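A short write-up of the structure that comes next.
Residue numbers (the working numbering): 2 to 869.
Structure representation (structure tokens):
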């Protein structure tokens, strides 16, 4: 979730980039300083880049320097590096502002990138050594978090790591496009940014850094009375470990805190919070609700809190295991048994919270991952880093977004609010994340819960009243542009009850209310991915996908919106993707459907000038989507080239996936995308060998699936099963269904029925098309009316219409993959008078059958009538 939090800083309703922030301190003040002649700069959502114009190009990779700094030292460090690098012609970059720095160093941030405020690019090892020595003197007073992926130079804020300077990409083992560096043979491999330092095998550590490596390796856990048995959890603030006290044999939990890392909203680091947690646990000594304090010590710069090991399962794990609505076979008895367990559990948690309050402590961070349920009935609350004293009526500086109270709650009211969210959340998991977008939604959620579960009405009604607060309390989202008092009072047309024309019009109004034609980066707000190059235009997250859904539903035309897209499509941003959903081929496809045929052909020509044949096979971003679009534009020879390349890769992708890392599965990123290309190519050519290839590809994805307890077949990611459109059952089913129109296969027909079972589940955490309920509606909704009705879980008012939250549920989205446009598309697919399908999954005309032979490496085909 950490990548989403950065985009929540600007707007309370939509994900947005800091570039559009009006806050005075969004950027470091030094950015207002004019650059000297001969220097260029570039700005992204997170970084500011600076490079001299007339110097020879930097090497593509090498040893680079990172400067770490805490918040109070950040501007001092940037100014020192600025003054050092500019006169010496050394390229560098730094984070653009304090909000980004706090986010990068927050508890939820990536451990691999934490601490990196500034990056400096030396030209060679000689310059590397000189810069380190000279900056070490200049930055001696600067303190910052340890950068885990790097080797520290001396005792200051300087760190080094071997990695890429230029932005190059390759495919990872999972088939994803990732940043790359060259290995010793010149082959591009992933530039792994992990949480440990390592030297690539094709290079050596500069000799002057060997003492630094020796110093790093000298710090060990040896000599302590605790043996570490396993890692329970890592965060940017440190680790949590299961260990054993070698003196007593008792199992204990050791909690680690790294200085200056894991920042909270109050600016406290992990060390300050763990010291506070130690004091709170001491105050709660003897309470069953709190683990007993055992010890506290420091090792190097890290602090360790030692606590009693409570042998219990997190409530979140029990919730996932028990929640009945995720099963296709859910019965009234299942609902009743779950409700009985949930009500008993909630009462036990409430008693645990009450026991803390009796000691004058507010827990402050109540959510299912912080509640342990032991087999003996004990309920223990863990993680007291942000606990406060009741008498202080303070607010916690960290909180799970589904349980974070509005600004008017202080002291014990914070725990009461979170407990109310838990009462609702055990029946509507994660849905309380949406409430800051529209506080009145809580009443509607309560009604759905009472309608679905045999839960005591007073339990839900009391929780809803606690969450809603007093009527006079205002909410930030209510006063946001596009939000009106009418949104609070007017009924929202809901799927499953309102008719299709009303739903279509309401979603159309919401989408149009969010349009920003004055912006250059995006026309409609959507997922954070739209802030990548070309993301605001593409089919998945940008304007093309929204216009595709609007046109398919019979809304429009919108000439101003189309003009916005046409102008920007034909001058794509550097770094834009080429694929069907992530890039220019998707723009070409949509513009052609909207009647701008020449624009579509021109975009295809632009794509063909790039190295498209080296892309991955994925439908979303690679060759299978490109091949399908080339067929659409009549470029059959090139499309068949894409077919041949994808076919040649099939053999290397099928493997035993019972454990460990394996390639992604599903429609958008797995083998079902190439399977769709093979089927469509068969429909164009009649070559039966293409159906053979499609069968191989589909079986590859089916091999990456396993049966859930309810008998449904879902994609197995090792730690979870996925039913969704992009990487789950629904997407595979769509392609498998199309394949079976052409060839009978009893085994695959059975698999299709088992894939379809996933569509009978009663609850999905998100509403979006790619990873939520809308995708299930698009795939299976024609035979499952409850799927459509279930979209009311996430329905929200906006701009006088109906809108839906995007991925993570933190903000509204209008895009195709995650937001309202995708829901519009899905509902149109099952309710509309002009039903639509995903690109290239619509019905295809019958094609002549062709048989192919290979002579001299060239295809030769012969036509005959279909069916002969």
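Backbone N, C-alpha and C define an ideal beta-carbon position, used for all residues, glycine too. The structure displayed is predicted, hence computed values, not measured ones.
Contacts around residue i, its chain only, beta-carbon distance under 8 Å, and the 5 residues preceding and following it disregarded
i, result
"residue 86", "51, 92, 93 and 121"
"residue 300", "220, 222 and 225"
"residue 457", "344"
"residue 303", "239, 257, 258, 259 and 260"
"residue 342", "323"
"residue 234", "240 and 241"
Contacting residues, own chain, Cβ-Cβ under 7 Å from residue i (five flanking each side not counted)
i, result
"residue 808", "528, 767, 769, 772 and 819"
"residue 270", "260, 261, 262, 263 and 264"
"residue 2", "With a pLDDT of only 41 at residue 2, under 50, the local geometry of the prediction cannot be trusted, and no value is derived from it."
"residue 21", "11"
"residue 790", "496 and 497"
"residue 821", "508, 511, 512, 804, 805, 814 and 815"
Beta-carbon proximity check, residue i vs residue j, cutoff 8 Å
i, j, result
"residue 571", "residue 559", "no"
"residue 725", "residue 731", "yes"
"residue 135", "residue 207", "no"
"residue 351", "residue 803", "no"
"residue 536", "residue 546", "no"
"residue 43", "residue 100", "no"
"residue 416", "residue 363", "yes"
"residue 119", "residue 67", "yes"
"residue 801", "residue 514", "yes"
"residue 295", "residue 232", "no"
"residue 762", "residue 323", "no"
"residue 71", "residue 145", "yes"
"residue 563", "residue 524", "no"
"residue 752", "residue 737", "yes"
Whole-number beta carbon distance between residue j and residue i, since they are thought to touch under 8 Å
i, j, result
"residue 806", "residue 435", "5 Å"
"residue 781", "residue 326", "About 16 Å separates the two Cβ atoms, so there is no contact after all."
"residue 816", "residue 533", "Not confirmed; about 13 Å, so no contact."
"residue 293", "residue 382", "Not confirmed; about 13 Å, so no contact."
"residue 703", "residue 715", "So it is not a contact: roughly 11 Å between Cβ atoms."
"residue 692", "residue 744", "5 Å"
"residue 618", "residue 650", "6 Å"
"residue 209", "residue 65", "Incorrect: roughly 16 Å between the Cβ atoms, too far for contact."
Contacting residues, own chain, Cβ-Cβ under 6 Å from residue i (five flanking each side not counted)
i, result
"residue 401", "368"
"residue 398", "265, 266, 267 and 387"
"residue 90", "53 and 56"
"residue 237", "108, 110, 112, 115, 262 and 263"
"residue 10", "100"
"residue 317", "369 and 370"
"residue 429", "446 and 450"
Best match in the options for proximity to residue i [C-alpha to C-alpha]
i, options, result
"residue 553", "620, 823 and 106", "823"
"residue 182", "778, 272, 63 and 258", "63"
"residue 613", "192, 626, 736 and 602", "626"
"residue 633", "611, 647 and 593", "593"
"residue 461", "430, 424 and 429", "424"
"residue 285", "313, 355, 260 and 245", "355"
"residue 640", "128, 646, 631 and 647", "631"
"residue 149", "143, 141 and 158", "158"
"residue 758", "711, 721 and 551", "711"
"residue 468", "433, 499 and 452", "433"
"residue 676", "686, 687, 700 and 665", "700"
"residue 1", "332, 12, 577 and 596", "For residue 1 there is no data in the structure shown, the boundaries of the chain being 2 and 869."
"residue 198", "190, 163, 440 and 72", "163"
"residue 522", "515, 229 and 538", "538"
"residue 645", "516, 694, 45 and 600", "694"
"residue 449", "439, 465 and 437", "465"
"residue 132", "160, 117 and 697", "160"
"residue 667", "4, 698 and 185", "698"
"residue 830", "792, 775 and 812", "775"
"residue 396", "842, 403 and 414", "414"
Near the ligand FMN: residue i beta-carbon under 7 Å from a heavy atom
i, result
"residue 229", "Judged by which ligands are present, the structure shown has none, so any question about the ligand FMN falls away."
Within-8 Å CB hit, residue i to chain C
i, result
"residue 307", "As a matter of chain content, chain C is missing from the structure shown, which is built from one protein chain."
- Query: If we count Cβ pairs, one from each stretch, closer than 8 Å, do we get three or more for the stretch 491-501 versus the stretch 787-798?
  - Reply: yes
Q) Can at least three beta-carbon pairs, one atom from the stretch 676-683 and one from the stretch 714-728, be found at a separation below 8 Å? A) no
#### Entry: the stretch 571-591 contacting the stretch 501-509, beta-carbon criterion three pairs below 8 Å
no
Requested in this report: State whether the stretch 244-256 contacts the stretch 305-319, with contact taken as three or more CB pairs (one from each stretch) at a distance under 8 Å.
Outcome: yes
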